[in-house]
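In my numbering, the protein residues as written are 9 to 410. We treat Cβ as the ideally placed atom computed from N, Cα and C, and that holds for glycine. From a predicted model like this one, the values you see are computed outputs, not experimental measurements.
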């Protein structure tokens, strides 16, 4: 019995020793696993830290307002740059102005005899050329004059063939005078040379008494206030035609201001936010009785644009002999506002790298804006600033939403 108990105790001790040996064998492996886990954690943390730093550098670069372009994107965007140099800008004066027709390029179309409208050939807004038929009228007075011309033309043709020696000087001269008077009467009624010649050759255009009014100048029909069958009095305007590619802008200045404006001096007109170059062509010599101002007239040539009489515009005129000290200046197209509303330009600090740089600006003069905050010789984008600002905004949007 004692022997059995002793064997049981030995068995228990042996199991305990085996368990202890297994524990000592696996412990170093556990420590290595823990170390490996710790190292992996540290490596992951380092990667995250590196990524954070890299993203931070990109954000800092975008926050600095830097845009990098490829050669292709630069060419497609039409980026143009210039090196800043000091420029002499003229002193200017600003005043409101009003668009007017160029009176030397416009015409009223009126009959010179009472008549009735038979047919319309042109309408409001039509572009017409000089000599183009506009309207056909009918008149009793013109019918009488047409008959007189046909009779006198036939008589003059007979007498001319016979000669003065045959018919006598009195008849010969009388026939010639009657023929010329008949032609002049129709011309005074508004018929052109082609219509008169056709009547004298008995090739009447249309019915007796009918005649056409043609466009005296090329341009656009701006007014055509009449109807078919309407009785028109002599001198009544049927059409207003004007060349809208050439317009006048009239600005009213005080007599003192007008003294400093020179004929043929430069001017600029702001029409709907777009600037157009112009030239001072006339100054009135009489003051406006109501405003006591001197009207100054500016000629403006428009390309692919139409502005109509009565439109109000802003006028900028250079003062004769007025000069400011040399200053750095850029065109309006070079200026952009940042998110805070500050004025900026894009400086090319190295090839194809543009940085949005804050500046201070003054009022524009003669198409250029005086600026400060940059050194002379700085290279600035004068065209394509809007594209650069859009690229900068797009890059900033991608970073925050990556």
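Give the straight-line distance between the Cα atoms of residue 261 and residue 372, rounded to the nearest whole angstrom. For the purposes of this step, residue 261 is identified with residue 253 of the chain shown, where counting begins at 1. For the purposes of this step, residue 372 is identified with residue 364 of the chain shown, where counting begins at 1. The straight-line gap from Cα to Cα measures roughly 20 Å.
Inter-residue Cα distance where the pair is residue 348 and residue 84: Against the chain shown, residue 348 aligns to sequence position 340. Against the chain shown, residue 84 aligns to sequence position 76. When rounded, the distance between both Cα atoms is 29 Å.
What are the complete alpha helix (DSSP H) segments, minimum 4 residues, inside the segment 56–141? Qualifying alpha helix (DSSP H) stretches, in chain order: 79–85.
Can you tell which of 364, 187, 312 has the C-alpha that lies nearest to the C-alpha of residue 163? Residue mapping note: residue 163 aligns to position 155 of the chain shown, counting from 1. The shortest C-alpha to C-alpha distance from residue 163 to any of 364, 187, 312 is the one to 187.
Nearest neighbour of residue 389, chosen from 368, 361, 401, 375 [CA to CA]: Here the question's residue 389 lines up with position 381 in the chain shown. When each option's Cα is compared against that of residue 389, the closest is 361.
Under a Cβ-count criterion, where at least 16 other Cβ atoms within 10 Å of its own Cβ denotes burial, should residue 91 be classed as buried or exposed? Position 83 of the chain shown, counted from the start, is the residue given in the question as residue 91. Exposed, because fewer than 16 other Cβ atoms sit within 10 Å of the Cβ of residue 91.
Anticipated Cβ contact below 8 Å, residue 143 with residue 248, distance rounded: For the purposes of this step, residue 143 is identified with residue 135 of the chain shown, where counting begins at 1. For the purposes of this step, residue 248 is identified with residue 240 of the chain shown, where counting begins at 1. The beta carbons of residue 143 and residue 248 sit about 13 Å from each other, so the pair does not count as a contact at 8 Å.
If you pair each beta-carbon of the segment 168–180 with each one of the segment 194–202, do three or more pairs fall below 8 Å? The segment 168–180 is not in contact with the segment 194–202.
Please state the DSSP three-state secondary structure of residue 395. Counting from one through the chain shown, the residue named residue 395 turns up at place 387. Here residue 395 sits in helix by DSSP.
Three-state secondary structure (DSSP) of residue 371: Within the chain shown, the letter at position 363 stands for residue 371. Here residue 371 sits in coil by DSSP.
Taking C-beta to C-beta, are residue 353 and residue 367 nearer than 7 Å? Taking the first residue of the chain shown as 1, we reach residue 353 at position 345. Taking the first residue of the chain shown as 1, we reach residue 367 at position 359. Yes, the pair counts as a contact, with Cβ atoms nearer than the cut-off.
So, with DSSP's three-state summary, where would you put residue 271? Taking the first residue of the chain shown as 1, we reach residue 271 at position 263. In this structure, residue 271 counts as coil in the three-state DSSP scheme.
So what does DSSP say about residue 263, is it helix, strand or coil? Taking the chain shown and counting its residues from 1, one reaches residue 263 at position 255. Note: residue 263 maps to helix in three-state DSSP.
Keeping to the same chain, check which residues put their C-beta closer than 8 Å to that of residue 131; ignore five residues upstream and five downstream. Along the chain shown, read from residue 1 onward, the residue named residue 131 stands at position 123. Closer than 8 Å at the Cβ level, and outside the excluded window around residue 131, lie 229, 232.
Identified DSSP bridge partners for residue 236: The sequence position of residue 236 within the chain shown is 228, counting from 1. DSSP output for residue 236 lists no bridge partner at all.
Check whether the segment 119–136 touches the segment 304–317, counting contact only when three or more Cβ pairs, one atom from each stretch, lie closer than 8 Å. Too few Cβ pairs lie closer than 8 Å, so no.
Look at residue 225 and residue 401 and say whether their C-beta atoms are less than 7 Å apart. If you number the chain shown from 1, residue 225 lands on position 217. If you number the chain shown from 1, residue 401 lands on position 393. Taking a C-beta distance under 7 Å as the contact criterion, residue 225 and residue 401 do not qualify as a contact pair.
Extent of the continuous alpha helix (DSSP H) run through residue 155: Taking the chain shown and counting its residues from 1, the one referred to as residue 155 is at position 147. Annotation for residue 155: the continuous alpha helix (DSSP H) segment containing it runs 148–170.
Just how far apart, CA to CA, sit residue 168 and residue 180? The sequence position of residue 168 within the chain shown is 160, counting from 1. The sequence position of residue 180 within the chain shown is 172, counting from 1. Cα-Cα distance, rounded: 7 Å.
Residues in the same chain with beta-carbon distance under 6 Å from residue 398, minus the five sequence neighbours each way, listed in chain order, please. In the chain shown, residue 398 corresponds to position 390, counting from 1. Counting only Cβ-Cβ distances below 6 Å, and skipping sequence neighbours, we find nothing.
Please classify residue 208 as buried or exposed, where buried requires at least 16 neighbouring CB atoms within 10 angstroms. Translated into the one-based positions of the chain shown, residue 208 becomes position 200. Buried, because 16 or more other Cβ atoms sit within 10 Å of the Cβ of residue 208.
What does the alpha-carbon distance come out to for the pair residue 278 and residue 88? The count along the chain shown starts at 1 and reaches residue 278 at position 270. The count along the chain shown starts at 1 and reaches residue 88 at position 80. Near 24 Å, if we compare the C-alpha coordinates of residue 88 and residue 278.
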